[in-house]
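Trainee: Quick one: this structure, given as structure tokens, is what I'll be asking you about.
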Amino acid sequence: MRATGKNKSAKESKEKKKMNGFLKSILVIFSITALSILIFFSTYYLFIDTVQNSYENDMKDILSSINSENKRTSNLTDGNSIKTKLAKKELPKIISSLENTRDKFDKISSTDEFKVTHKLFSEGIDSNILMYRQIIAILENPNSADISKAVKSFTKAEDTTENRYSQYNLGGTSISLLEDSSDFLKAFEYYANQLVKIKNDSDIISSKVSDFTASTDKIISKFIKYKTNFSIQLADARSSSNFNGLIKTASDYKEQCDELEKQFLNISVPDNCAKVQKSLVDIFDSYDNYIDNFIFAVKDEKSRTENNNKKLSKKQISDIYFTSKNNYMDIDEKYSNFIKEYTNLKNSYSQ
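All residue numbers for the sequence shown refer to my numbering, where the first residue is 129 and numbers rise by one.
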């Protein structure tokens with residue numbers, strides 16, 4: 129019985145030792161596992177923190193560089209005015225620096241935390257560069273027919289740049305285009321808007337001038353039919369002894385030209401066309417005087433021919449038509465000067 133008891137006790141002791149060993153093994157395994165997990169997460173977060181710090185440091189350099197380049201525009205103004213020559217010289221340099229900064233930015237990989245704003249920031253740099261390109265284009269060609277579109281493109285690029293930059297903030301470091309380039313952009317916006325206003329005013333004037341010249345062209349084309357010295361008609365009247373027919377023709381011409389003058393005076397005249405209008409009205413008035421003197425001369429020749437019952441001498445005819453001939457020469461000279469003046473007006477607004 130004693131032997132049996134001893135064996136039982138030894139067996140229990142052995143099993144107890146075995147259990148203790150098993151528990152120790154589990155404890156060791158658990159400790160190793162816990163330590164491994166701790167090391168893993170510590171390493172992971174250390175890596176993440178390192179990456180995050182690296183990203184933030186790189187981006188702070190990028191932000192600082194962009195702020196610095198935009199601030200350079202403060203030297204391109206004189207009060208509220210743009211130093212256009214200096215701006216055209218310096219802006220390409222600023223653009224080049226921004227492009228270099230963008231190249232550096234493109235090599236930076238964003239963390240998950242900044243993934244969305246990183247993309248927006250990329251759009252901001254592109255818009256920033258585009259904005260300055262638009263400014264240069266406007267400064268280089270201020271009289272462009274598309275100046276209004278160019279200014280709208282500039283405004284859109286400016287708004288996009290400010291919008292994208294404003295959504296990016298890195299540990300208190302951010303970009304504000306309105307702050308860094310405030311004076312320059314305000315001065316340029318005023319300058320650009322003035323260009324648009326001048327172009328719009330010019331377009332309005334051009335439109336009015338175009339309407340005036342279109343109507344005047346019709347008047348001139350009709351007047352040309354009546355601008356004559358009647359030499360052919362006068363020769364026919366003498367050969368057929370029909371001076372009355374010539375007098376009627378001349379009277380009809382005068383009536384037609386009087387009607388043309390009335391039509392011309394009813395045309396709306398832009399201020400810059402007033403001189404041209406006055407010149408043509410003067411021609412119409414001179415034409416009236418010419419026709420009156422010509423009809424008087426024809427009647428005189430008719431009377432003398434009928435009373436003397438013979439042809440008049442060349443000197444007599446020359447004396448009779450002396451005044452009307454000079455009148456016509458005066459009209460010819462005035463009309464020639466008018467056409468030059470009128471053509472210059474049309475050419476100046478056709479470009």
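Note that beta-carbon positions come from the ideal geometry of N, C-alpha and C, so glycine has one too.
(1) Among residues of its own chain, excluding the 5 on either side of S334, which ones have a beta-carbon nearer than 8 Å to its beta-carbon?
(2) Counting C-beta neighbours from all protein chains within 10 Å, is the total for A363 16 or more, i.e. buried, or is it exposed?
(3) According to the neighbour-count rule (16 or more other Cβ atoms, all chains shown, within 10 Å of its Cβ), is Y318 buried or exposed?
(4) Three or more C-beta pairs closer than 8 Å, one from the stretch 308–318 and one from the stretch 200–220: is that the case here?
(5) Suppose only complete runs of 4+ residues qualify. What are the alpha helix (DSSP H) ranges in the stretch 401–472, listed by chain order?
(6) Work out the CA separation of N185 and D274 for me, nearest whole Å.
(7) Would you call the CB atoms of A320 and I266 closer than 8 Å?
(8) Determine the DSSP secondary structure at S338, reduced to helix, strand or coil.
(9) Applying the criterion that 16 or more other CB atoms from any shown protein chain within 10 Å of the CB defines a buried residue, is N465 buried or exposed?
(10) Under the three-state reduction of DSSP, which class applies to Y173: helix, strand or coil?
(11) Report the three-state DSSP secondary structure of S272 (helix, strand or coil).
(12) Report the three-state DSSP secondary structure of I210 (helix, strand or coil).
(13) Identify, in the order they occur along the chain, each residue of the same chain with its Cβ nearer than 7 Å to the Cβ of Y381, setting aside the five sequence neighbours on each side.
(14) So what's F168 in DSSP terms, helix, strand or just coil?
(15) Who are the near neighbours of T288 in its chain, counting only those whose CB is closer than 6 Å to its CB and skipping five residues on each side?
(16) Are F340 and Y296 closer than 8 Å when you measure CB to CB?
(17) Using a threshold of 7 Å, is the CB atom of E251 nearer than that to any non-hydrogen atom of the ligand GDP?
(18) Can you check DSSP and say which residues form a bridge with T205?
(19) Please check the pair A425 and S452, which I expect to be a contact at CB under 8 Å, by giving their CB distance rounded to whole angstroms.
(20) Distance check for S349 and E286, CA to CA, integer angstroms please.
(21) Whole angstroms is fine: what's the gap from R230's alpha carbon to E307's?
(22) Report the option in H246, L393 and V404 whose CA atom is closest to the CA atom of K468.
(23) When we look at the beta-carbon of G373 and count the other beta-carbons within 10 Å, is it buried (16 or more) or exposed?
Mentor: Looking at the atomic coordinates:
(1) Y477
(2) So A363 counts as exposed.
(3) exposed
(4) yes
(5) Look at the stretch 401–472 and you find these whole runs of alpha helix (DSSP H), each 4 residues long or longer: 402–436 and 442–448.
(6) Cα-Cα distance, rounded: 43 Å.
(7) yes
(8) helix
(9) Burial check for N465: the Cβ neighbour count within 10 Å stays below 16, so the residue is exposed.
(10) Any reading at Y173 needs caution, since the residue's pLDDT is 40, under 50, leaving its predicted position unreliable; the model's value is listed next. Three-state DSSP puts Y173 in a helix.
(11) coil
(12) strand
(13) Y354 and I419
(14) Confidence in F168 is poor, its pLDDT being 45 and thus under 50, which makes the residue's placement unreliable; the coordinate value appears in the next sentence. When DSSP states are grouped into helix, strand and coil, F168 belongs to the helix group.
(15) Taken in chain order, the residues that qualify are S255.
(16) no
(17) Absent from the structure shown: the ligand GDP. Ligands present: none.
(18) I210
(19) 5 Å
(20) Cα-Cα distance, rounded: 53 Å.
(21) 21 Å
(22) For K468, the nearest C-alpha among the options comes from V404.
(23) Label assigned to G373: exposed.
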